[in-house]
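Have a look at the structure below before the remarks.
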Amino acid sequence: MDPQALTAVYPDGLRLLADVGASNVRFALERAPDDHSASDVLPCIAHESLEDAVRVFLARQGNPVVHHAAFSLPNPIAGDHVQLTNHPWSFSVEGMRRALGFKTLLAVNDYSALAMGLTRLEPSERVQVGGGESVPGGVQGVIGPGSGLGVSALIPVQDRYVTLPSEGGHASYAPQDAQEALVVAAAQTRYGHASGERLISASGLELIYETLAARTGGSVPAMLSAPEVSARALGEPACPVAREALAMFCAMLGTVAGNLALTLGSTGGIYVGGGIVPKILPFFLQSSFRARFEQKGRFSRWLQAIPTWVVVAPRSALRGASAFLEDHLTADHGAEPLLDDVRAALQKLSTSERLVAGDLLSAPRAWMSDPIARIAERCGVSTPTVLRFCRSMGFKGLADFKLRLGAGLSGTTKVTHRSVRPEAPTAERMATILNNSISAMVALRDRLHPEAFEQAVRLLASARHIEVYGVGTAALVAEEAQNKFGRVGLRAVARTDAQLQSITAAFIGAEDVLLVISNSGAIEPINEAVTRARRGTAKVIAMCPQRSDLARLADVVLPVDHPEDRHALVPMVSRLMQTVILDVLVSDLALQRRELIGRQLAQQDDLRYETLSSHSG
């Protein structure tokens, strides 16, 4: 493995992600959003516990240091104890966190993870199956058949999204025709209850086929696995019974997906995930899924406008777990005033109270769910010490302290910007544009890690020379960077021509810094120039989207992630974000170089005085 592969872009180091299934567990070490430096799939049956599987995976990667982890699990998450539904593994989340030495370990339901992963979905990673346009800010439903039938939703709350945990796959299914009635009756006879999951899953497809095959009197195999049913349905020549079974499966999924859209009011669309549908996508697109989705009597017309999508993104559960973890680690800023008070009071606290304060500052969100006994045990102090700490901070007790702390913490992901509707009144258009900008600035504040910012400032402050690359609208910010760096006494040159960037990149040395500003991070000439500069061991700071090719080339990433209107002539909000980051960088550099700048200004004043004196003489 390339030694650079395990170099984290995240300021807090590599993050461990896991997608636990009934048969296998997929692991990945993430160095930046969706940038997996190492991954592996381990069979569950080969390991006594999930913790054992984690240790084996990490050992194969050379036991890298990991502070934060998130696991996607195929069952409800209620409290600290987890018992997997389709596997004998069980564990304590907190116990595993401590045993593995992690600062953070999140356990999330797999379909809640898939729902959260929608916030990172690219247009190319979904295929539309009918309907109109999504309503910006609308509820998005998620459903997916695999070993079971997962159901969840992504719901906007103020300026963020929250996921809706659900066991909707276990709701009863009502047959829509005589053939479905036969299958539902078979499920009721076998299981006592005909739920969506009993019919619209791998085992459900097997049951549908078995029921339909029984009508033929032995002319086709009575028992086939779900993959065999799909293969026979799609083969040449196709098995008529298998094809009928697969068609019924798709139709039933359409019925349940339509129910979900009505239940949630999913004007943001319904997303179909899981392991089955993407594998039969051409067949699915021609099936009666969409017709069944809309077949809701008086509400058929309402459903016609709601888009349905098939998610074809790889590693969806890992991506969702990553989104949960990123949100968890960056959502503590609202509590900063209280945490600042704790930092300021450290010297006044007793030794044991400082242990409690240190635990709070390292993982404030853990305090919201942990009882006092667990906090005390983790800190190695008594429960009265925890209470004394709360009282030292001016609160009556732990409950009072948690109320104040919880007011500043949230566990969700930000809503994307709202589209500006040309037919909207002027006041609404103005408010939408301004709110998009404000929301983007708040998102930037939460996403810009202090460690990455500090590293960028150190590199710029110690650079012999700074090259600034930018093209298009980013070129304007690059030229502004040259001027602002010059005002704090730094040598900087903006290059806005692709040919000049290509030529100068070869001459950037180890003592120089290359600052690259890009709206997309995907401009090939710039990325090629950056690659050339890296060969000269130059340090690279990138102001670009976190998931871009440019971000993977950089030593430090200052994230600029905003979905611009493709029809607009200028990426307005991205440019605003770039300018703000630049202003923050220059302000911090000015503070560090205040004495130097003061001496330079004094020298300029002396020179002007001498010039005036010589003229007056």
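Per full-length UniProt numbering, residue 1 is the first one in the sequence shown, and the count goes up by one each step. Where a beta carbon is used, it is the ideal one built from N, C-alpha and C, also for glycine.
How would you write the range of the beta strand (DSSP E) that residue i sits in, first residue to last?
i, result
"Q128", "126-128"
"R271", "First, the residue type needs correcting, since residue 271 is Tyr and not Arg in the sequence shown. That run of the beta strand (DSSP E) goes 270-272."
"V516", "512-517"
Helix, strand or coil: how does DSSP classify residue i here?
i, result
"T496", "coil"
"S219", "coil"
"V82", "strand"
"D549", "helix"
"I306", "coil"
"H193", "coil"
"R315", "coil"
"T383", "helix"
"S288", "coil"
"S520", "coil"
"D332", "Caution is warranted here: a pLDDT of 48 is assigned to D332, below 50, making its placement in the model unreliable, and no coordinate value can be reported."
"T104", "strand"
"S437", "helix"
"A213", "helix"
"R491", "coil"
"G320", "helix"
"T531", "helix"
"Q501", "helix"
Classify residue i: buried if its beta carbon has 16 or more other beta carbons within 10 angstroms, exposed otherwise.
i, result
"K414", "Unreliable placement is indicated for K414, whose pLDDT of 42 sits below 50; the coordinate value is still reported in the next sentence. Under this definition K414 is a buried residue."
"A568", "For A568, the predicted structure reports a pLDDT of 46, less than 50, and the residue's modelled location is therefore unreliable. A value from the coordinates is still provided. That one is exposed."
"R566", "The pLDDT assigned to R566 is 44, lower than 50, so where the model puts this residue is not dependable; a value taken from the coordinates is nonetheless given after this. With fewer than 16 Cβ atoms within 10 Å of its Cβ, R566 is classed as exposed."
"E236", "exposed"
"I143", "buried"
"T412", "Summary for T412: the model assigns pLDDT 38, below 50, so the residue's position carries little reliability; its value from the coordinates is reported in the next sentence. That one is buried."
"G320", "buried"
"I45", "exposed"
"P559", "buried"
"L281", "exposed"
"V65", "exposed"
"V157", "exposed"
"C390", "buried"
"Y161", "buried"
"P88", "exposed"
"D74", "Sequence check: residue 74 is Pro here, not Asp. By the 10 Å Cβ count, P74 comes out buried."
"H81", "exposed"
"G95", "exposed"
"K279", "exposed"
"V41", "exposed"
"M223", "exposed"
Pick from the options: whose alpha carbon is nearest that of residue i?
i, options, result
"P120", "M543, V93, E94, A32", "Contrary to the premise, residue 120 reads as Arg rather than Pro in this sequence. The residue with the shortest Cα to Cα distance from R120 is A32."
"F324", "A115, P559, A357", "A115"
"A174", "L164, Q188, V556, Y161", "Q188"
"S518", "Q546, V20, A492", "Q546"
"G354", "D327, K539, R374, V386", "Correcting the residue type first, residue 354 is Arg in the shown sequence and not Gly. For the residues D327, K539, R374, V386, the minimum Cα distance to R354 belongs to V386."
"V557", "L514, I523, G536, A78", "L514"
"S203", "L212, S225, V183", "S225"
"V471", "N483, I523, R292, I433", "I523"
"A245", "A194, R215, N259", "R215"
"Q592", "G489, G13, N63, I508", "G489"
"I155", "L118, E122, P123", "L118"
"C250", "A213, A291, E228, L262", "A291"
In this structure, what does DSSP give as the bridge partners for residue i?
i, result
"P559", "C544"
"H36", "E30"
"G235", "Paired residue(s): none; G235 is not in a bridge."
"L73", "N109"
"F507", "Answer by DSSP bridge pairing: none, since F507 is not bridged."
"A153", "G141, L164"
"N24", "P43"
"R15", "E30, H68"
"F91", "V82"
"S172", "S195"
Where do the ends of the alpha helix (DSSP H) carrying residue i lie?
i, result
"Y469", "No alpha helix (DSSP H) holds Y469; the beta strand (DSSP E) holding it covers 465-470."
"T537", "Looking at the DSSP string, T537 is not in any alpha helix (DSSP H), and its letter there is neither H nor E."
"S112", "110-117"
"V356", "351-362"
"F485", "473-487"
"Q176", "Unbroken run through Q176: none, as it is neither H nor E."
"M393", "First-last for M393: undefined, no H or E at that position."
"E133", "Counting along the chain, E133 falls outside any alpha helix (DSSP H), and DSSP gives it neither H nor E."
"G297", "Note, G297: premise wrong, no alpha helix (DSSP H); not H, not E."
"S462", "450-462"
"R240", "According to the sequence provided, residue 240 is Pro. The question's Arg does not apply to it. Looking at the DSSP string, the run of the alpha helix (DSSP H) that includes P240 is 240-264."
Please decide whether residue i counts as near chain B, where near means a Cβ-Cβ distance under 8 Å.
i, result
"I45", "Of the protein chains in this structure there is only one, and it is not chain B."
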